[in-house]
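Mapping of the sequence shown onto mature numbering (1 follows the signal peptide of the UniProt record, and there is no 0): residues -18 to -1, 1 to 557, in sequence order. The beta carbon of each residue, even a glycine, is placed where N, CA and C say it ideally should be. A quick write-up on the structure given underneath.
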Amino acid sequence: MRIFLLLIFLSTVIPAFADTNAMLEEADSLRLADPKKAKQILDDLDRESLGIEEQYTYDYITIYISTFMEQNLGKTIKRYEAFIKRIPDSPAKVRAMTSLLGLSAYKGHWPRSFALVSELTSLMNRIDAHEVEPDAYNGLVLFYNEVEQPDMAISYAQKIFSHPAATSYHQCIALTEQAFNLAISEPAKISDDDFYDAIELCGAVPLPYYVAVNYNNLLDFLIDKQAYTEASLIVSEATKHVEAIDFKYLTASLLLIKAKLKVAASEPEQAKQYALQVLEADADKEYRESLISAYSILANIAAEQQQYEQAYEYEKKHRELSVSLYNQKVTKSLAIQEARFDLQAKESQIDLLDKKNQLLSTESKLVKEQISSMLLVIGLALLVVVMLLFWSYRARKTQKRLHYLASTDHLTGINNRGYFSEKSKAILTNAEKSESSVSLIFIDLDHFKTINDAYGHKVGDWVLVKVVESLKALTAAKGMQIGRVGGEEFGIILPDTDSIAAKDFAEQCRETIQKIDTFDTGSHFQVTASFGIADTGEAGYNLDNLFSAADLALYQSKKYGRNRVCCYQSDKIDL
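Given below as structure tokens:
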């Protein structure tokens, strides 16, 4: 009888439990496609009847759909932060951190965004997050696209393609972002088929937004390689998918593509009409890239038709938007760089504290060992004195040797980063007292990894030595300090020098490096370098601030073409 009652109980409880899980899974699958329906499902569930992991999932979905239902991103971000602090390490925490990363990046909260990337990757290494890893990787792909690090974005996309838990949904987003990145950074590594593969996959999911995005990206790719006929053949199909989405950015982009095709076909009037439609589609000027190109097309057409006054007005608006977009990108770039520097500084402080703790532990053990040794040899005082004298002599020699090793880069023979920083601080301290200018130049060899990969590390070492010899010849007898601050990065501190004089000197260095003859290596290649300059007039006498300012200027040199000199100014970067 008891067994019979137990069977009746199980026959009612187990299906109910299964139904509850099925409802939770359905709400999870609808959280993006239909948040209202997802909320209705959650309202029908009794949260307290769920298991602890299911409760975490329930809470996560609730916060996720609040983004769409309430449209208050600030409030949603606070909910995610509280949720992450409340729950233990778990897959639900990975999902919450991934969603929070997307919102933080969208809001431009860069310090929190970079901290979240570090916390998220650390969390996934600590726990078994196999099932939710593809979601996290998609979030990281989109984040690294936003901060203009295509190599990182592509590497996480590759992780999605090989992940057994990745669905067609994950692969659609990853394939779309990878094709877009390669089309910009390495167009030779991509073909039309890559875009068509993404279109086919996203259409099967279905994810109509990404289908439309891929069509626009494909058309841009074809126009860039002047395949106008191929582009014209798919415009109508692309239009069908873009119009179905009715998203301002996609609409404006497609209209601009049509204008470019008409320009290529020598049909100025139709090109003009499409360009004007771009302006109408984005009247609020939310997506300035399309507007800038549209104004450029309109200005050129007006000039060709001898409508010079109209051409001037179009060109004026083109310049205004270009300057505005440039300033926005520079501001964003500087904010991102500052956030990265802050995170690196905090991580460096943590590493330093760990090393100090290790040193204190080592010193404590050493003291104990010294006391034991003294007790053992106390009866041999004279011998100890002799041994101490001998040890003192050896210690002085060792100290000198250690000082040399600790302050010198073994390959190039110049100051290493630590000693260079000490010298720079001393120069800055003296300069602050006398209120004189000090400039810092950061130098980074261009494409040095390519040299190592193509010709070997021995040739790479030869290049580093030759570059240092060239720089030492220029800095000799001028009171300048030169140091190796990274693998292929060098620094020069210039006392009594402002950024104008430092820029002239950096140009000399750049030209000297460019003239290095690689004949002795048995190979022929050119060595170039990018330069970033900051002085105390802009960054002050704090070494960390001066380093960060010079690094930002160096970043701009790399970003805008390499083999050039950029100076840091507090309101902009002087190219």
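Report all residues from its chain with a CB closer than 7 angstroms to the CB of residue i; omit the five preceding and five following residues, and keep chain order.
i	result
Gln37	Arg29
Ala483	none
Ile142	Pro116, Tyr119, Asn120, Ala148, His152, Gln153 and Ala156
Between which two residues does the alpha helix (DSSP H) containing residue i stretch?
i	result
Val441	His439 to Thr457
Ile498	Counting along the chain, Ile498 falls outside any alpha helix (DSSP H), and DSSP gives it neither H nor E.
Val289	According to the sequence as given, residue 289 is Gln; it is not Val. No alpha helix (DSSP H) contains Gln289, which DSSP labels as neither H nor E.
Phe143	Pro132 to Phe143
Gln259	Pro250 to Ala263
Thr211	Tyr210 to Ile227
Pro70	From DSSP, Pro70 is part of no alpha helix (DSSP H); its letter is neither H nor E.
Ser530	Leu525 to Lys541
Asn54	Asn54 -> no alpha helix (DSSP H), and no H or E assigned at all.
Gly504	First-last for Gly504: undefined, no H or E at that position.
Tyr231	Lys230 to Ala246
Leu27	That residue, Leu27, is in no alpha helix (DSSP H); it is neither H nor E in DSSP.
Residue i to residue j, Cα distance in whole Å?
i	j	result
Ala194	Ile239	13 angstroms
Ser137	Ala284	45 angstroms
Cys548	Ala436	29 angstroms
Ser418	Gly438	44 angstroms
Asp478	Lys460	10 angstroms
Glu489	Ile109	51 angstroms
Phe402	Ile409	11 angstroms
Glu212	Leu200	10 angstroms
Ser86	Ala135	17 angstroms
Asp526	Ala516	12 angstroms
Tyr88	Ala293	36 angstroms
Ala241	Leu307	21 angstroms
Thr432	Gly84	33 angstroms
Lys347	Lys407	33 angstroms
Thr221	Val245	18 angstroms
Val368	Gly465	At Val368 the pLDDT is 46, less than 50, meaning the model places this residue with poor confidence; the figure from the coordinates comes in the next sentence. C-alpha separation (whole angstroms): 41 angstroms.
Ser389	Phe529	19 angstroms
Asp206	Lys67	48 angstroms
Phe162	Ala186	20 angstroms
Ile495	Asp133	28 angstroms
His112	Leu122	16 angstroms
Leu82	Tyr126	15 angstroms
Asp176	Glu182	10 angstroms
residue 559	Ala148	Summary: the structure shown does not reach residue 559, with the chain confined to residues -18 through 557, and so no result is reported for it.
Spatial neighbours of residue i within its chain, please: CB distance less than 6 angstroms, with the 5 preceding and 5 following residues excluded, ordered by chain position.
i	result
Val114	Pro73, Val76 and Arg77
Val260	Ala234, Leu237, Leu238, Ser272 and Ala276
Ala165	Ile172 and Phe203
Ile475	Ser406, Ile409, Leu422 and Gln463
Ala9	Ala20, Ile23, Leu24 and Ile43
Ser304	Ile274
Ser552	Glu520
Ser505	Tyr437
Ile332	The pLDDT assigned to Ile332 is 44, lower than 50, so where the model puts this residue is not dependable; a value taken from the coordinates is nonetheless given after this. Contacts found: none.
Phe472	Ile425 and Arg466
Ser167	Pro132
In its own chain, which residues sit with a C-beta less than 8 angstroms from the C-beta of residue i, not counting the 5 before and 5 after it?
i	result
Phe430	Gly442, Val445, Gly469 and Glu470
Glu52	Thr58
Ala(-3)	Its pLDDT being 44, under 50, Ala(-3) is placed unreliably in this model, and the value from its coordinates should be taken loosely. There are no such residues.
Asp117	Val76, Arg77, Thr80 and His152
Arg492	Thr510, Ala511, Phe513, Asn545, Arg546 and Val547
Arg61	Ile45 and Ser48
His145	Glu115, Pro116, Tyr119 and His152
Ala226	Pro190 and Ala194
Glu219	Tyr197
Between which two residues does the beta strand (DSSP E) harbouring residue i extend?
i	result
Pro190	Not the beta strand (DSSP E): Pro190 falls in the alpha helix (DSSP H), residues Pro190 to Asp206.
Asp517	Ala511 to Asp517
Tyr550	Val547 to Gln551
Val420	Val420 to Leu427
Ile471	First, the amino acid is wrong: residue 471 is Glu here, not Ile. First-last of the beta strand (DSSP E) with Glu471: Glu471 to Pro477.
Ile109	Unbroken run through Ile109: none, as it is neither H nor E.
Gln463	Gln463 to Arg466
Hey, would you say the C-beta of residue i is under 6 angstroms away from at least one heavy atom of the ligand FAD?
i	result
Asp478	In the structure on display, the ligand FAD does not appear, and there are no ligands present to speak of.
So residue i and residue j are in contact, right, with Cβ under 8 angstroms, and what is the actual spacing, rounded?
i	j	result
Asp71	Leu98	Their Cβ separation, rounded to whole angstroms, is 15 angstroms, which puts Asp71 and Leu98 out of contact at 8 angstroms.
Lys155	Tyr192	Reading off the sequence shown, one finds Ile at residue 155, where the question assumed Lys. With 8 angstroms as the limit, Ile155 and Tyr192 qualify as a contact, their Cβ atoms being about 7 angstroms apart.
Leu534	Tyr550	6 angstroms
Ile279	Ala253	6 angstroms
Asn198	Val217	Asn198 to Val217, Cβ: 11 angstroms. No contact.
Leu215	Asp179	That belief does not hold up - the Cβ atoms of Leu215 and Asp179 are roughly 18 angstroms apart, past 8 angstroms.
Leu27	Leu6	7 angstroms
Thr518	Val447	Between Val447 and Thr518 the Cβ distance is about 31 angstroms, and since that is not below 8 angstroms, they are no contact.
At least 3 beta-carbon pairs within less than 8 angstroms: the stretch 492 to 505 vs the stretch 391 to 411: No: fewer than three Cβ pairs fall under 8 angstroms.
Three CB pairs or more closer than 8 angstroms across the stretch 511 to 518 and the stretch 451 to 467: By the Cβ rule, the stretch 511 to 518 does not count as touching the stretch 451 to 467, because fewer than three pairs are nearer than 8 angstroms.
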